[in-house]
Amino acid sequence: MRSSWVRGAGALLAVGALFTTSACGADSGSKDTSHKPAGRVNLTFWGWAPGYDKSVAMFNASHPDIHVTFQKTAGGSAGGYSKMLNAVKAGNAPCLAQVGYETLPSFAAAGALQDVGQYANKSKDQYVDWTWKSVSVADQVYGIPLDTGPEAMFYRADLLKKFKQPVPTTWEEFAKVAKAIHKADPSVEMATPPGDGYDVAGLTWQAGGKWFGTEGSKWQVNIDSPESRKVAAYWQDLLDAKVLKTTPALDAKWMADADKDKVVAHIGAVWVNTFLSQNLKGSAGKWAVAPLPQWAKGDKAGANNGGSSTAVLKGCKDQKEAVEFADWFSRSKGSVENLIKNTGIYPASKDGLALPAVNAPSKFYGGQKIFDVFKEAAADTDNTWQWGPTMAQVEADFTDGMKKAIAGDASVTDALTTTQDKTIEAMKAQGLNVSKG
Amino acid sequence: MTITTVRSGTVVARGERPAARRRRLSRGRTRSAWLFLAPFWVLFLATFIAPICYAVEQSLFALHRDGLGLTAPTTRFVALDNYVRAVQDSEFLSSLVRVVGLGVVQVPLMLGLSLLLALLLDSASVRWPGVFRTLFFLPYALPGVIAAIMWSYLYQPGISPLAKAAGQLGHDVDFTAPAMTLPDIGNMVTWGWTGYNMLIIFAALKAVPAELFEAAALDGCSGWRIAWHIKIPNVRGALILTTVFSIIGMVQLYAEPDILRGITNTITSDYTPILAAQKASDAGNYQYAAAQSVVLALLTLVLSFTFLKFTQRKGAGE
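One line per chain: the protein sequences are A and B, in this order.
Read in order, the letters of the first sequence are residues 1 to 437 in the numbering used here.
Read in order, the letters of the second sequence are residues 1001 to 1318 in the numbering used here.
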């Protein structure tokens, strides 16, 4: 207990600075040429996704003038983002960081990002338009987009067949199948409900809602919107019917159960594909991917969950080189192929989307060309969604609300109302202009 | 360096008046004492006092942005606003109540167990005391986070060998059920710290003068009565010390719930005061996190000193 006090308090008392200095090395953006060939620029890159290190190694091999050191942090909302913000506050942040689109506006609002528009803008046309908007706030550009998170339904083709159920194409069918399967075999569950704010955000996005917007110099918060409520009521019904898996999705237990044929489907973004293929053994080859179920038969609405950028953090001295790396990381053939294979990204660069790797059939998914599904989902996703400036708070409060709902202590709708209230309160407390949308 | 100081002191001292020699010697000693103390003071000031001052200072400011707040925020002096918010923050308050409540139940249980183990180790009939002492102490040697991860596997449904064993005996145990969360955490803390506290109490037992036992034996006192009348009153100091340590440890509960969050739906992001402060700093609100930390530190101080005062008064009354 006491040692963790040192950890917890250390971070927030900004003694964290001491730890981060020793943890991240001294070369964050500074030009230390004493032991290196003259003129070589050293950059440090913080991120957590698997496979990043391989692309970094490729870059270093082909760029003698720039050396990038990749340092693995905890996942973004699992501590990675706070480590980055602490380092920026302490003045010893690395130049480069993996920052999700959902968090980038919050980082910008915290003053943690560097405007690198003068170096980055020349690459603008190389990326899918809305991803470029995701790394910009107003006319400032904070990094290079890497990937997007189009969502789909991962499912067990063999189990649906076994229970004589169709592949659901609407949410109504999804619920019917869930109830039918659980009735036929109570030890089998269709899926987990959305577990956190970003899951619900993705589904609300599909339903046509928008959580945040701006009008003039005023923020509008719409977390508790009719579209969100539609999504909430839908999952509440399945929770009440007790046909869902209520332990956390994709954790060790989930994986064990999935391999024991106890999980039928998972609603998730494209990057889930490597999670499954790298962790599941017994059910390999039996999974397949279908478009997200729709609210109305014949609709084609996509959703997005995740997608991230390689952002340049405040205080970076070698911005030009940092942008050069980030652009190469997101766009060069070798790097993108590696990231598709090992990280499970769906590229944001137009060239990346044309790579054969994005069209390759996958053994784990029974030989299906799964990226076809995600390509369609990406095209069907409304790209005017906007994230708010306090997402760390929104996500923490929403996850708390969803946990209560899943445990049965409150409803999913309660999660919406409490998060809405807390978000407006948190934004007002910081002096932001805000109104309920 | 100190050696040379002392040696040169003696050399120069030859043929001087004793008083001057003593003065010079003691000055050398004071200097070397300071030298030995310096590392402590430097670290103590830099990693303890300075951060506290910094936190207090930060807690008097608040973030401020204008309009859409797309640029870096500024901070403004707001005096005690953050503290007012903290004492009105129902989640933060319930996190305080939660750790105090857990402490009220867990600390006596753990220390009772520590005392029992220490007495058993100290009893005349114990075999292999060294082996058992090490065994009891071993959990403490494991880093808290590692222990928490280990326990989270032991609790996780479908993986837990404990639940499996209970299942075979006909009991369905779900360690991730809402009602089990506090007992889960209490168990983890007890497992990790019983041996540590036992060792402190055991050391105190070893320091009890042997004459007392002889006298008691002559008076016909034996076994449990010796433990009750001689041993326990004599380790009162150690019990008070371990209680204060345990109270401090409990209000600062962090690693156990933070790890368990991954496997259960009942632990929120502000389950304990430290988690709540961590949440605020994750959201970029270092100032509010600082205020919460100061409130927590004050609570710890009040609890520890109240307990000390209480036991002192009771001790004096005896």
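Virtual Cβ for every residue (Gly too), placed ideally from N, Cα, C.
Which residues bound the beta strand (DSSP E) around Asn42(A)? Val41 to Gly47
Own chain, CB closer than 6 angstroms to Leu1115(B), minus 5 neighbours either side, in chain order: Ile1201
Contact belief for Asp1282(B) with Ala1276(B) at Cβ below 8 angstroms, rounded distance in angstroms: About 11 angstroms separates the two Cβ atoms, so there is no contact after all.
Relative to the alpha-carbon of Thr69(A), which residue among Ala78(A), Met58(A), Gly75(A) and Gly79(A) has its alpha-carbon at the smallest distance? Met58(A)
Per-residue burial, Ser1026(B) [other beta carbons within 10 Å of its own, 16 or more giving buried]: exposed
Please report how far the alpha carbon of Leu1319(B) lies from the alpha carbon of Thr1272(B), in whole angstroms. It is not possible to answer for residue 1319(B), since the shown part of chain B is limited to 1001 through 1318.
What do you reckon, are the CB atoms on Val373(A) and Ala152(A) nearer than 8 angstroms? yes
Return helix, strand or coil for Arg156(A), following the three-state DSSP convention. strand
Just verifying my parser: in three-state terms, what is the DSSP assignment at Asp1339(B)? The structure shown does not extend to residue 1339(B), since chain B is modelled only from 1001 through 1318, so no value can be given for it.
In its own chain, which residues sit with a C-beta less than 7 angstroms from the C-beta of Asp196(A), not counting the 5 before and 5 after it? Glu395, Phe398, Thr399 and Met402
Report the rounded CA-to-CA distance for Val1244(B) versus Gly1103(B), giving the unit in angstroms. 11 angstroms
Backbone secondary structure at Tyr346(A) - three-state DSSP: strand
Which class does Thr310(A) belong to by DSSP, given the choice of helix, strand or coil? strand
Can a CB atom of chain B be found closer than 8 angstroms to the CB of Thr214(A)? yes
By the 10 Å Cβ neighbour count, where 16 or more other Cβ atoms means buried, how is Thr310(A) classified, buried or exposed? buried
Extent of the continuous beta strand (DSSP E) run through Leu96(A): Leu96 to Gly100
Minimum C-alpha distance to Thr384(A) - residue among Ala110(A), Val264(A) and Phe212(A): Phe212(A)
Beta carbons nearer than 7 angstroms to chain B: which residues of the segment 129-144 of chain A have them? Val137 and Ala138
Cβ-based burial, Pro347(A) [other Cβ within 10 Å; buried from 16]: buried
Counting only the same chain and skipping the five closest in sequence on each side, list residues whose C-beta sits under 6 angstroms from that of Thr204(A). Glu227, Ser228 and Val231
Per DSSP, Asn304(A) forms a beta bridge with which residues? Pro150(A)
Please report the distance separating the alpha-carbon of Thr21(A) from that of Asn342(A). Interpretation of Thr21(A) is limited by its pLDDT of 36, a score under 50 that renders its predicted location unreliable; the figure taken from the coordinates is listed afterwards. Near 30 angstroms, if we compare the C-alpha coordinates of Asn342(A) and Thr21(A).
Would you identify the three-state DSSP class for Thr204(A), choosing helix, strand or coil? helix
Sorted by chain position, which residues of the same chain lie with C-beta nearer than 8 angstroms to Pro1161(B)'s C-beta, five sequence neighbours on each side aside? Leu1154
Is Phe1310(B) helix, strand or coil by DSSP? helix
Mapping the DSSP letters down to three states, classify Phe1245(B) as helix, strand or coil. helix
Reference Pro145(A), options Lys164(A), Gly117(A) and Phe154(A), closest by Cα: Gly117(A)
Return the chain-ordered ranges of every beta strand (DSSP E) run that is complete within the segment 57-143 of chain A and spans a minimum of 3 residues. 66-72 and 96-100
Would you check if the distance between the CB atom of Asp318(A) and the CB atom of Val41(A) is smaller than 8 angstroms? yes
Looking only at its own chain, which residues have a Cβ that is under 8 angstroms from the Cβ of Ala1086(B), when we skip the five neighbours before and after it? Phe1092, Tyr1288, Ala1291, Gln1292 and Val1295
Kindly say whether Ala348(A), judged by its beta-carbon, lies nearer than 8 angstroms to any beta-carbon of chain B. no
Range covered by the alpha helix (DSSP H) that runs through His182(A): Trp171 to Ala184
Using a Cβ cut-off of 8 angstroms, pull out every chain B residue sitting near Lys438(A), in sequence order please. Limits of chain A in this structure are 1 at one end and 437 at the other, which puts residue 438(A) out of reach.
Could you tell me whether the Cβ of Lys245(A) comes closer than 8 angstroms to any Cβ of chain B? no
Starting from Glu215(A), follow its DSSP beta bridges and name the residues at the other end. Lys218(A)
Starting from Asp1174(B), find everything on chain C with Cβ-Cβ shorter than 9 angstroms and list it in chain order. Going by chain labels, chain C is absent from the structure shown, which instead holds the protein chains A and B.
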